[in-house]
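There are 2 protein chains.
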Amino acid sequence: MYKLIVQEGHARRGEFTTPHGTVQTPVFMNVGTQGAIKGALSAKDLHEIGCQIELSNTYHLHVRPGDALIKRLGGLHRFMNWDGPILTDSGGFQIFSLAQLRKITEEGVRFNSHVDGRHIFMGPEESMRIQANLGSDIAMAFDECIKIPSPHAYVSSSCDRTYRWLARCKQALAEYNREDDAVNPGQMLFGINQGAVFHDLRIDHMKRIAELDLPGYAIGGLAVGETRQEMYDTIEAVEAYMPKDKPRYLMGVGTPGNIIEGVYRGVDFFDCVMPARNGRHGHLFTWSGIINIKNEKYEDDERPVDPECDCPVCSSYSRAYLRHLFKAEEMLAMRLAVGHNLYFYNNLMKRIRDSLEQDCFAQFRHDFSEILDKRV
Amino acid sequence: MYKLIVQEGHARRGEFTTPHGTVQTPVFMNVGTQGAIKGALSAKDLHEIGCQIELSNTYHLHVRPGDALIKRLGGLHRFMNWDGPILTDSGGFQIFSLAQLRKITEEGVRFNSHVDGRHIFMGPEESMRIQANLGSDIAMAFDECIKIPSPHAYVSSSCDRTYRWLARCKQALAEYNREDDAVNPGQMLFGINQGAVFHDLRIDHMKRIAELDLPGYAIGGLAVGETRQEMYDTIEAVEAYMPKDKPRYLMGVGTPGNIIEGVYRGVDFFDCVMPARNGRHGHLFTWSGIINIKNEKYEDDERPVDPECDCPVCSSYSRAYLRHLFKAEEMLAMRLAVGHNLYFYNNLMKRIRDSLEQDCFAQFRHDFSEILDKRV
Chain A
235 MYKLIVQEGH
245 ARRGEFTTPH
255 GTVQTPVFMN
265 VGTQGAIKGA
275 LSAKDLHEIG
285 CQIELSNTYH
295 LHVRPGDALI
305 KRLGGLHRFM
315 NWDGPILTDS
325 GGFQIFSLAQ
335 LRKITEEGVR
345 FNSHVDGRHI
355 FMGPEESMRI
365 QANLGSDIAM
375 AFDECIKIPS
385 PHAYVSSSCD
395 RTYRWLARCK
405 QALAEYNRED
415 DAVNPGQMLF
425 GINQGAVFHD
435 LRIDHMKRIA
445 ELDLPGYAIG
455 GLAVGETRQE
465 MYDTIEAVEA
475 YMPKDKPRYL
485 MGVGTPGNII
495 EGVYRGVDFF
505 DCVMPARNGR
515 HGHLFTWSGI
525 INIKNEKYED
535 DERPVDPECD
545 CPVCSSYSRA
555 YLRHLFKAEE
565 MLAMRLAVGH
575 NLYFYNNLMK
585 RIRDSLEQDC
595 FAQFRHDFSE
605 ILDKRV
Chain B
235 MYKLIVQEGH
245 ARRGEFTTPH
255 GTVQTPVFMN
265 VGTQGAIKGA
275 LSAKDLHEIG
285 CQIELSNTYH
295 LHVRPGDALI
305 KRLGGLHRFM
315 NWDGPILTDS
325 GGFQIFSLAQ
335 LRKITEEGVR
345 FNSHVDGRHI
355 FMGPEESMRI
365 QANLGSDIAM
375 AFDECIKIPS
385 PHAYVSSSCD
395 RTYRWLARCK
405 QALAEYNRED
415 DAVNPGQMLF
425 GINQGAVFHD
435 LRIDHMKRIA
445 ELDLPGYAIG
455 GLAVGETRQE
465 MYDTIEAVEA
475 YMPKDKPRYL
485 MGVGTPGNII
495 EGVYRGVDFF
505 DCVMPARNGR
515 HGHLFTWSGI
525 INIKNEKYED
535 DERPVDPECD
545 CPVCSSYSRA
555 YLRHLFKAEE
565 MLAMRLAVGH
575 NLYFYNNLMK
585 RIRDSLEQDC
595 FAQFRHDFSE
605 ILDKRV
């Protein structure tokens with residue numbers, strides 16, 4: 235259930251209630267692909283760094299350790315010891331990017347696992363079954379992620395098929411939710427808008443999936459090679475046709491600047507591997523831009539990573555110590571860097587929400603939309 | 235200052251006061267070689283897992299990031315954000331095992347750094363200077379670690395030199411402690427007994443170093459290739475000549491069984507990389523023996539690693555989840571495994587202390603000395 239609290243232009247401050255708690259939006263989902271956050275962060279740390287909702291990957295968990303196993307162990311919440319909301323993706327994106335693809339048909343997709351090469355078939359029903367077994371709070375629709383650029387005709391027919399797949403997802407999940415041993419009977423389905431950067435296809439597809447009256451809608455298939463401006467234009471084109479009483483999720487996006495611009499264009503949910511991946515390489519987000527903690531200039535810098543940050547890392551450790559950990563290849567380097575970056579993202583969302591409540595998001599956007607993405 | 239609280243046979247329950255707090259003995263020192271615990275554990279975790287005293291390595295910290303840098307940043311306690319007691323080794327062991335050795339003279343040792351190959355000279359004064367810069371609570375004497383087996387004549391002359399080095403260590407550290415900018419003016423020096431497995435040399439050396447009236451004494455040069463029984467016999471031979479009013483530290487030892495047998499023979503301090511190293515390989519200590527969490531039989535095992543353990547890992551995660559993390563090569567696997575193993579070691583020491591207080595250490599030794607080292 236989405237509740238709009240306040241709006242400034244297209245930007246929305248709201249909240250969304252799931253079976254495992256209410257999420258304040260706009261929100262960033264912290265990515266724990268295989269049921270664990272990269273960089274040795276535990277579920278307990280997620281509370282400390284301000285995570286409201288965790289995202290895990292259906293494809294990865296299906297391949298290993300297997301969703302049937304996770305169901306036997308009580309579902310993903312219990313397995314990873316996280317009692318807050320969880321969203322699972324559909325597996326589609328990974329199948330189209332990671333696995334060795336075999337064949338797409340009306341039924342679904344045949345592919346080989348990237349772990350052991352074994353043949354797997356996944357269609358809408360299979361994706362919903364896996365997500366039902368995981369017991370996430372939000373299941374994502376099974377869709378085709380189309381390369382950009384792709385021909386208009388191909389994108390058009392793919393959107394048609396993704397629409398038919400969505401109808402099957404809705405029916406399948408409703409059925410699985412009614413089963414006696416359902417892990418999370420309140421599990422919700424979000425539809426995914428596709429159409430590459432063709433506004434006509436995006437809008438047509440959005441209108442059709444909106445009619446299915448799902449609890450939320452995502453914009454998928456962006457941040458896959460198009461320009462920043464093409465991405466923003468596509469969001470603007472489709473946003474007008476997204477239900478106002480449902481949350482909007484921009485999948486796989488992005489930099490702090492991308493997120494601010496996404497909120498500006500009416501988006502409520504975000505996710506991205508960037509804070510964890512950048513952290514593992516020593517690239518740390520600060521309110522003055524991105525620093526590379528491995529630089530020699532931080533060798534005896536006693537200041538915290540970001541003097542404006544009150545995260546557990548900045549409260550306890552110096553830049554010099556973090557740099558040493560990276561140079562010495564200590565695993566703790568990863569944990570502290572990823573912890574800081576995820577806190578930064580979660581805190582960014584909090585500051586966005588605060589600025590919306592105080593009716594000064596325009597100023598916030600002006601102050602931070604560019605600077606946060608810059609390397610300093 | 236060492237205070238003996240109660241004794242059962244040779245086994246001693248005591249406490250030792252350092253500038254950063256009092257340690258209850260027998261104690262296990264948790265190893266943070268480069269100023270960080272392996273497996274992404276932070277100083278904050280050390281409190282949670284019952285660590286009383288941390289051990290860092292002089293050689294490693296001298297090579298990287300450099301002890302002068304750490305001194306400028308306020309010393310090792312502040313650098314790594316650990317406010318409890320710290321012991322630093324002398325660098326001797328690493329020079330003789332890791333570095334490319336150049337030459338030993340009366341003055342000290344010339345060698346090449348294992349990181350960048352640069353020439354380094356370290357003698358008693360250099361080792362004390364580095365440890366003074368780090369500001370640990372206990373500095374270890376600079377000694378030669380002799381291979382086992384080595385000829386009696388070589389060991390004898392090496393012990394003589396190590397004795398002369400110890401006298402120089404004592405003088406140098408006293409001098410550095412008096413300097414105005416001393417990081418930790420209360421830093422104490424422990425002497426190290428050597429002599430391989432030659433009881434006559436061990437005893438003679440021990441008698442001579444005891445005369446220097448240092449705050450504590452270690453038995454070094456064991457667990458380097460001799461048999462278990464040779465190690466125990468050597469401890470028994472030398473222990474009779476160790477001052478009763480000073481703590482005794484058995485360096486680099488060992489398995490849970492080794493530790494119980496060490497306590498039985500009058501040892502108070504232990505350290506070993508084993509719990510962290512084993513943990514990183516998925517070998518986890520339990521009160522029923524050592525399990526390999528990667529075994530298939532744990533695939534859907536809902537129980538904690540050790541049902542008898544109340545560590546943060548066993549309180550929150552199943553064997554199945556840990557096994558998944560190892561299989562999926564998630565860094566969190568290391569953190570949870572190392573955290574559990576270190577807690578196990580710290581808890582082992584607590585149970586040893588409790589049994590000494592309750593005058594039932596003999597029973598404890600009978601029950602656990604063998605079983606804890608067994609793979610099950």
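Residue numbers (my numbering), protein chains in the order written: chain A, 235 to 610; chain B, 235 to 610.
Every residue, glycine too, gets a C-beta built ideally from N, C-alpha and C.
Keep in mind it's a predicted model, so treat the numbers as computed, not measured.
Would you tell me roughly how many angstroms separate the C-alpha atoms of A:Phe250 and A:Lys237, rounded to the nearest one? 6 Å
From the DSSP output, read off the bridge partner residues of A:Ala457. Its beta-bridge partners do not exist; DSSP assigns none.
Per-residue DSSP class, three states only, for B:Phe250: strand
Should B:Ile271 and B:Ile320 be called a contact, given that it needs their Cβ atoms to be closer than 8 Å? no
So that I know if they touch, is there some Cβ in chain B lying closer than 8 Å to that of A:His574? no
Cβ of A:His517 less than 8 Å from any chain B Cβ? no
So with CB distances below 8 Å, who are the chain B contacts of A:Asn526? Neighbours of A:Asn526 on chain B: none; closest Cβ ~17 Å, over 8 Å.
Restricting to Cα atoms, I'd like to know which of A:Lys528, A:Asp414, A:Ile469 and A:Phe504 is closest to A:Asp616. Lying outside 235 to 610, the shown extent of chain A, residue 616 of chain A is not represented and no answer is given.
Tell me the rounded alpha-carbon separation between B:Asp377 and B:Tyr293. 13 Å
Around the Cβ of A:His558, are there at least 16 other Cβ atoms within 10 angstroms (buried) or fewer (exposed)? buried
Return no unless some Cβ of chain A is closer than 8 Å to the Cβ of B:Asn291. no
Length of the line joining the Cα atoms of B:Met440 and B:Tyr388: 17 Å
Does A:His254 pass the burial test, meaning 16 or more other C-beta atoms within 10 Å, or should it be called exposed? buried
On the DSSP bridge assignment, give the partners of A:Trp521 in chain order. A:Gly523
Rank B:Ile437, B:Pro481 and B:Met565 by C-alpha distance to the C-alpha of B:Ala474 and give the top, closest one. B:Ile437
Cα-Cα separation, B:Thr461 to B:Thr468: 11 Å
Starting from B:Leu611, follow the beta strand (DSSP E) in both directions and report where the run begins and ends. Past the boundaries of the shown model lies residue 611 of chain B; chain B is included only from 235 to 610, so the question cannot be answered.
Quick one: using the 10 Å Cβ neighbour count with 16 as the cut-off for buried, is B:Phe578 buried or exposed? buried
Cutoff 6 Å; reference B:Thr267; Cβ partners in own chain excluding five residues on either side: Asn291 and His294
Against chain A: residues of the region 336-349 of chain B by CB proximity under 8 Å: none
For chain B, check one thing: does any of its Cβ atoms lie closer than 8 Å to the Cβ of A:Glu533? yes
Short of 6 Å in beta carbon distance, which residues of its chain neighbour B:Val507, apart from the five on each side in sequence? Order them along the chain. Val265
Check whether the region 378-386 of chain B touches the region 419-438 of chain B, taking contact to mean three or more Cβ pairs, one atom from each stretch, closer than 8 Å. yes
Can you give me the Cβ contacts of B:Phe345 inside the same chain, cut-off strictly under 7 Å, excluding the 5 residues immediately before and after it? Ile329, Ala333, Gln334, Leu335, Arg336 and Ile354
Check whether the Cβ atoms of A:Glu621 and A:Val257 lie closer than 8 Å to each other. Given that chain A is displayed from residue 235 to residue 610, the structure contains no residue 621 of chain A and the question cannot be resolved.
Within 10 angstroms of its Cβ, does A:Asn575 collect 16 or more other Cβ (buried), or is it exposed? buried
Specify the secondary structure class of A:Lys272 as computed by DSSP and reduced to three states. coil
Hey, which unbroken runs of the alpha helix (DSSP H) at 4 residues or more fall wholly within the region 299-382 of chain A? 301-306, 310-314, 326-331 and 358-368
Option in A:Glu564, A:Gly300, A:His433 and A:Glu533 with minimal Cα separation from A:Ala471: A:His433
Please state whether the Cβ-Cβ distance between A:Arg246 and A:Asp447 is less than 8 Å. no
Measuring alpha carbon to alpha carbon, tell me which residue in A:Asp317, A:Pro299 and A:His348 is nearest A:Cys285. A:Asp317
Residue interval of the alpha helix (DSSP H) (run including B:Leu448): That residue, B:Leu448, is in no alpha helix (DSSP H); it is neither H nor E in DSSP.
Under 8 Å (Cβ pairs) to chain A, residues found in the region 258-276 of chain B: Gln268, Gly269, Ala270, Ile271, Lys272, Gly273, Ala274, Leu275 and Ser276
Can you check whether the CB of A:Met476 is closer than 8 Å to the CB of A:Pro449? no
Give the DSSP-derived three-state secondary structure of A:Ile494 in the structure shown. helix
Determine whether the Cβ of B:Leu559 lies closer than 8 Å to any Cβ atom of chain A. yes
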